[in-house]
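Written below as structure tokens is the structure these notes are about.
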DNA sequence: ATATCATGCAACTATAGAGTTGCATATGTT
DNA sequence: AACATATGCAACTCTATAGTTGCATGATAT
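Chains as they are written, first to last, in the working numbering: chain X, 1 to 103; chain W, 104 to 206.
Here it is in structure tokens:
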């Protein structure tokens with residue numbers, strides 16, 4: 001999966017809320033994580049499918065319900081992106097700092 | 104600005120490409136950064152407006168052209184998000200590890 | 001066995017946004 | 001002054017997707 005897909009998946013208030021809930025409580029059933037989002041269960045289900053395709057989340061059927069869990073794969077992608085940006089950004093900030101301090 | 108807005112802004116192939124270009128070369132004019140994206144200048148301009156609203160980028164008019172630069176504000180947001188997630192994720196992985204190692 | 005709960009799937013609507021074309025305007029350049 | 005370059009703005013099309021309703025199905029509890 002690409003970093004774009006991950007960012008896109010996280011770039012929605014409902015989906016980010018889901019991810020934040022998962023990052024706190026460990027595991028949710030599909031219906032429990034769909035509560036209190038201001039949308040229907042079917043709507044929430046669509047969001048979960050987006051998160052699953054982007055490997056932000058895994059869906060594991062268990063009896064009559066489906067367990068939703070965070071998938072570490074996506075986190076790694078975002079971390080890599082940030083650290084790359086950060087490195088390049090830092091060297092440029094360093095250059096700017098030196099430039100400013102020259103006079 | 105919210106983390107959602109930042110993620111949303113980065114969740115588009117054209118916009119992410121622009122950000123990557125900026126992270127390498129230091130500063131671009133509006134027309135230069137609009138080249139080779141497969142879309143028109145006006146299309147690219149709309150993307151830049153999205154990035155600006157999300158504080159990923161700053162636009163500074165200079166004579167007849169506009170300078171596009173990275174805005175560190177957004178990077179901080181993403182970093183914070185990742186580190187928070189990371190911390191919570193790690194503690195949960197730790198708990199899982201201990202659970203597995205118990206028998 | 002029957003009622004209840006969790007989920008899946010399909011069809012539909014409505015809106016956001018990605019991309020375009022066309023034209024106007026301002027700044028450089030020769 | 002004349003020309004080229006960089007940009008802004010408006011109107012338009014088209015597609016993706018967020019959200020809905022309605023119904024079917026499979027698992028659990030009484």
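All residues carry an ideal CB built from backbone N, CA and C; glycine is no exception.
Pairwise C-alpha distance: residue j and residue i
| i | j | result |
| --- | --- | --- |
| residue 121 of chain W | residue 21 of chain X | 32 Å |
| residue 72 of chain X | residue 56 of chain X | 7 Å |
| residue 81 of chain X | residue 41 of chain X | 33 Å |
| residue 172 of chain W | residue 190 of chain W | 31 Å |
| residue 99 of chain X | residue 162 of chain W | Residue confidence for residue 99 of chain X is low, a pLDDT of 47 falling below 50, so the modelled location carries little weight; the figure read from the coordinates is stated next. The alpha-carbon atoms of residue 99 of chain X and residue 162 of chain W are separated by roughly 21 Å. |
| residue 131 of chain W | residue 170 of chain W | 6 Å |
| residue 151 of chain W | residue 36 of chain X | 34 Å |
| residue 141 of chain W | residue 38 of chain X | 38 Å |
| residue 129 of chain W | residue 6 of chain X | 26 Å |
| residue 63 of chain X | residue 46 of chain X | 21 Å |
| residue 83 of chain X | residue 127 of chain W | 14 Å |
Span of the alpha helix (DSSP H), counted from its first residue to its last, around residue i
| i | result |
| --- | --- |
| residue 55 of chain X | Taken as a continuous stretch (DSSP letters only), residue 55 of chain X belongs to no alpha helix (DSSP H), as it is neither H nor E. |
| residue 37 of chain X | It is not in any alpha helix (DSSP H) - residue 37 of chain X carries neither H nor E in the DSSP assignment. |
| residue 130 of chain W | Premise fails: residue 130 of chain W is in no alpha helix (DSSP H) and is neither H nor E. |
Residue nearest to residue i in terms of C-alpha spacing, selected from the options
| i | options | result |
| --- | --- | --- |
| residue 137 of chain W | W/118, W/163, W/188, W/177 | W/118 |
| residue 104 of chain W | W/177, W/187, W/182 | W/177 |
| residue 85 of chain X | W/155, W/113, W/106, W/107 | W/113 |
| residue 168 of chain W | W/106, W/186, W/153, W/133 | W/133 |
| residue 54 of chain X | X/13, X/36, X/78, X/24 | X/78 |
| residue 3 of chain X | X/51, X/45, X/46, X/32 | X/51 |
Residues bridged to residue i [DSSP beta-bridge criterion]
| i | result |
| --- | --- |
| residue 10 of chain X | Residue 10 of chain X is not bridged to any residue. |
Residue i Cβ short of 8 Å to the ligand MG heavy atom set
| i | result |
| --- | --- |
| residue 65 of chain X | What this structure holds is no ligand at all, so the ligand MG is not there to describe. |
Run of the beta strand (DSSP E) containing residue i, from where it starts to where it stops
| i | result |
| --- | --- |
| residue 71 of chain X | Where residue 71 of chain X is concerned, there is no enclosing beta strand (DSSP E), given that its DSSP letter is neither H nor E. |
Please list the residues of the stretch 41-66 of chain X that have a C-beta atom closer than 8 Å to any C-beta atom in chain W, keeping them in chain order. Residues of the stretch 41-66 of chain X with a C-beta atom less than 8 Å from some C-beta of chain W do not occur.
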